[in-house]
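Encoded as structure tokens, the structure appears first; notes follow it.
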Amino acid sequence: MGLFSKKEKNERRDSKLNDYFEGYTRKTKSLSTAITKLFGGYTALNDDLLEDLLVTLIEADVGVLTSEKIIDDLKNRIRDNLISSKEAAMEELITIMEEIYDEKSEKPLNLDHEKNNLIMMVGVNGSGKTTTISKLARYFMKKGKTVGLIAGDTFRAGAVAQLVRWAERLNIHCVTGKENADPASVMVDGCRYYKENPVDIIIADTAGRLQNKNNLMQELAKMKRVTGREIEGAPHEIWLTIDATTGQNGLSQAELFLKATEVTGVVLTKMDGTSRGGIVMAIKDQYKLPVRFITYGEDLDSITDFYLRGYLETVVDE
Ligand SMILES: Nc1nc2c(ncn2[C@@H]2O[C@H](COP(=O)(O)OP(=O)(O)OP(=O)(O)O)[C@@H](O)[C@H]2O)c(=O)[nH]1
Ligand SMILES: [Mg+2]
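See the structure below:
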């Protein structure tokens, strides 16, 4: 049983949805299968079904608090006689998730300045910052934008070379400093270079790990400050990469970055490595942060902008 009829599905398969269906959907079927099976296994809508649904959501990384909120909401609507059938409950589940996610309240991306819109990528080491930067560069280039990079991770040996290799493959410029150089000075060099040689989008890499937390906070704050001095309003977006395969644990590691800098959005990476896509709901509900992109593979094209309806369809549909 699927919630969305074939006809309806086809009608809604605009280009964004196609990305989902062709890309990560294939690999994120488990949650949808679990929910569909769950509803199919019960003859009526009762408390046991709702308890099972709660467990399924938690297992899918929706997070305990957010899952409880969803189920409580569903129970209230059942109590108020708004829903009485399993089918109606499944539909209501989507509505509740849509309400919690509240996509309409999201600010549009702050990337519409004439030139030099600067995105700073932050996140735990290994979460996919550098790879995502290359994917984003390609994404924007496909939309006809010009892109330049700044190799702001001067901490990890090899990080600069990694980004430079991607830039060469993409045939775009990458401003670099020396290993162990002050990352803020590389940001300044980068901004000055692009003031002379403007591009539409600048993407800056940062280090995922520093000697201690205090350093990280100070470093990111400094990078932000000096960037803003060079280019008005920069960084225009600060995106946090979260590795979807690390689940709730990944979220608590990411908290450090939320404290350290004003993150404006999340890129959820490695969705191909997990069937527990529920983390999107947890991020939005717990941190009030929109998921802007998801990535689902090692190649450059494995990225898509996040679209709630497409996501929910993959969560509940089969
Ligand atoms: N399967 C899969 N692997 C990914 C994805 N994104 C990144 N990776 C892999 O994850 C590993 C870490 O990615 P990086 O981009 O180097 O991570 P980082 O955050 O820059 O790490 P540091 O520079 O150490 O802070 C690499 O092996 C990537 O190929 C994805 O969407 N799917
Ligand atoms: Mg990196």
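Under the numbering used here, the first residue of the sequence shown is numbered 144, with each subsequent residue one higher.
Glycine is no exception: its CB is placed at the ideal position from the N, C-alpha and C atoms.
These figures come from a predicted structure and were not determined experimentally.
Is it right to say residue i is buried, meaning 16 or more other beta carbons lie within 10 angstroms of its own, or is it exposed?
i, result
"N219", "exposed"
"T433", "Per the sequence presented here, residue 433 reads as Pro, with Thr not at that position. Classification of P433: buried, given that the 10 Å Cβ count is 16 or more."
"R281", "buried"
"M144", "Below a pLDDT of 50, predicted positions are generally treated as unreliable, and M144, at 35, falls in that range; no measurement from the model is reported."
"A187", "exposed"
"S104", "Nothing can be reported for residue 104, as the shown portion of the chain is limited to 144 through 461."
"G301", "exposed"
"A304", "exposed"
"D386", "buried"
"V423", "buried"
"K367", "buried"
Straight-line CA distance for residue i to residue j?
i, j, result
"S418", "G206", "15 angstroms"
"R222", "E405", "41 angstroms"
"L208", "E398", "16 angstroms"
"E230", "L401", "39 angstroms"
"R435", "E249", "10 angstroms"
"L254", "L292", "15 angstroms"
"H316", "Y454", "34 angstroms"
"Q361", "G183", "53 angstroms"
"D215", "D190", "11 angstroms"
"K247", "G420", "21 angstroms"
"L383", "E339", "28 angstroms"
"E311", "D296", "17 angstroms"
"E211", "S228", "20 angstroms"
"H256", "F283", "15 angstroms"
"A327", "G266", "17 angstroms"
"L279", "A403", "23 angstroms"
Checking 9 angstroms against the spacing of the C-beta atoms, do residue i and residue j come in under that value?
i, j, result
"L217", "I201", "no"
"I178", "L236", "yes"
"V342", "K413", "no"
"L359", "R352", "yes"
"L451", "I345", "no"
"M264", "V410", "yes"
For ligand 4, is there any heavy atom lying closer than 8 angstroms to the beta carbon of residue i?
i, result
"G333", "No copy of ligand 4 appears in this structure; the ligands present are ligand 1 and ligand 2."
| query | Using 8 angstroms as the threshold, is the stretch 282-290 in touch with the stretch 373-393, meaning 3 or more CB pairs across them? | reply | Cβ pair count under 8 angstroms is below three, so no.
| task | Report the residue ranges of all alpha helix (DSSP H) runs contained in full by the stretch 189-216; include only those spanning at least 4 residues, in chain order. | result | Here the runs fully enclosed are 190-202.
| query | So, do the stretch 272-279 and the stretch 389-396 have three or more beta carbon pairs nearer to each other than 8 angstroms? | reply | no
| said: Ignoring anything shorter than 4 residues, give me the alpha helix (DSSP H) runs that lie fully in the stretch 382-435, in order along the chain. | reply: 390-403, 422-430
| task | Could I get the ranges of all uninterrupted alpha helix (DSSP H) runs contained in the stretch 243-302, with 4 residues as the minimum, in chain order? | result | 272-285
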